[in-house]
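What follows is one structure encoded as structure tokens, with my remarks underneath.
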Amino acid sequence: MKKHLAMTMVLMMLLGALAGCGGAASQGADAAASGADSAGASAGGAAGASAASNPPAPAGAADSRIPLSIGTGASTGTSYFVGAALAEVFNKYSEKYVLSAEATGGTSENIGLLGQGAIELGICASPDVADAYNGIYGYEGKKTPNLRMAMGGHTHYMHFMALRGSDVKTFSDFQGKKIAYAPSAWQMRKALLAGWGFEENRDYTAQYAPHADNAESLKDGLIVAWGFDAGIPNSTVSDLATTNGVQFIPLLPDEFERIHEMFPYYEYGAIPGGTYPGVSEDSPCLIFPTTISTQADAPEDFVYELVKIITSHTDEFGAIHPSGYEYTPEAVVKGYDLEMLHPGARRYYEEMGWL
């Protein structure tokens, strides 16, 4: 009997020890899982810069904010970084909506996505928006009547460049040559037509590709010049200017007058000297405003909140990207037909006395 009792006690002790080990293993697994979560959180923090357009929602609203999108441009282009900065500022202060910046092919694609209702906002060249709204020029057969304006934005500078030391020094030198455009290129084609009578495939040929590909083609001698419009600085041009050197094709005053006569929304400006490495002098060019465009069905309270937040925090916006400083009360109501203004934006601008 005593022997049986002793054996029973031994078995109970062994079971207790095993249970303790299991508990320790369970605690160890929990700790490991917690460590993995911490590591993931750390990795998420490291990736925060790439997700700057979508920071955590305000406390208590993490699951309630409505996700919306802004179409920008190529992931290496100015519009993408401006859009990400705009979204970061908006998300910091909005309790109802959260905005994410989407890399796209630029203005033309953004207009198409807005027309389809696939995005709520798009960074677009103002002349393109007007052309698409009316279905003219490069948007014949693609009339997009649901386009609306939220605000005017930063300045777009028309960049036309060759490699430093190239024989291509004027726009007339494009005759019979191959040049490159970004995917959204209607404004450049209009400029060459109005200023010099050049038509693609008759007076010159062109390739359409992302900035990085066009920069490589310029390096390899596959094209003689590259043109696009964007805010400044553009990171791909900065890299090319550093590695190979660039020279901008200057727009002369009489050339501008010919273009302006046909397309009066273009203005005469210059890429300031020092914007790009090795280019110390101002480079005269066409300029025109960007717009933050939207669609007619975008929620009125969202558009109202957007313009209120951005115009109230221009310094914060500019600290993230210098183009943000341009979103002033004067600029946000210019550069577009006010008949296209979204009701949410109109309500705020009228409240502020800007209209």
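Quick note: the sequence shown, position 26, residue 828 per my numbering, numbers continuous. All C-beta atoms, glycine included, are put in the ideal place defined by N, C-alpha and C.
Going by C-alpha positions, Tyr-941 is about 26 Å away from Lys-979. With a contact defined as Cβ atoms closer than 8 Å, Tyr-1150 and Val-1109 qualify at about 5 Å. DSSP places Phe-1050 outside any alpha helix (DSSP H); the residue lies instead in the beta strand (DSSP E), whose first and last residues are 1048 to 1050. Pairwise C-beta distances place the stretch 1083 to 1096 out of contact with the stretch 1018 to 1030, as fewer than three of them are shorter than 8 Å.
Per the Cβ contact rule, the stretch 970 to 988 is in contact with the stretch 1013 to 1025 (3 or more Cβ pairs under 8 Å). Cβ atoms of Thr-1116 and Tyr-1127 come within 8 Å of each other, at about 6 Å. Collapsing the DSSP output to three states places Phe-1065 in coil.
Of the residues Ile-1061, Tyr-1138, Ser-968, the one whose Cα lies closest to the Cα of Ile-1094 is Tyr-1138. The Cβ atoms of Ala-1072 and Val-1105 lie no closer than 8 Å to each other.
Excluding residues up to 5 positions away in sequence, nothing lies with its Cβ nearer than 7 Å to the Cβ of Gly-1155 in the same chain. With a threshold of 16 other beta carbon atoms within 10 Å, Gly-1033 meets it and is buried.
Ser-1125 is positioned such that its CB atom lies closer than 8 Å to that of Thr-880.
The DSSP-derived three-state label of Ile-921 is coil.
Just measuring C-alpha positions, the residue of Ala-952, Ala-889, Ala-887, Gly-914 sitting nearest Thr-1092 is Ala-952.
Around the beta carbon of Ile-872, 16 or more other beta carbons lie within 10 angstroms, which makes this residue buried. For Ala-927, the CB contacts under 7 Å within the same chain, skipping 5 residues up- and downstream, are Thr-909, His-958, Gln-989, Asp-1031, Phe-1090, Thr-1092 in chain order. With a cutoff of 8 Å on beta-carbon distance, Ile-921 and Glu-904 are scored as near each other.
Counting along the chain, Thr-1096 sits inside the beta strand (DSSP E) bounded by residues 1085 to 1097.
Between Arg-867 and Lys-894, the CB-CB gap reaches or exceeds 8 Å.
The beta strand (DSSP E) runs of length 3 or more contained entirely in the stretch 903 to 951 are, from start to end of the chain, 923 to 927.
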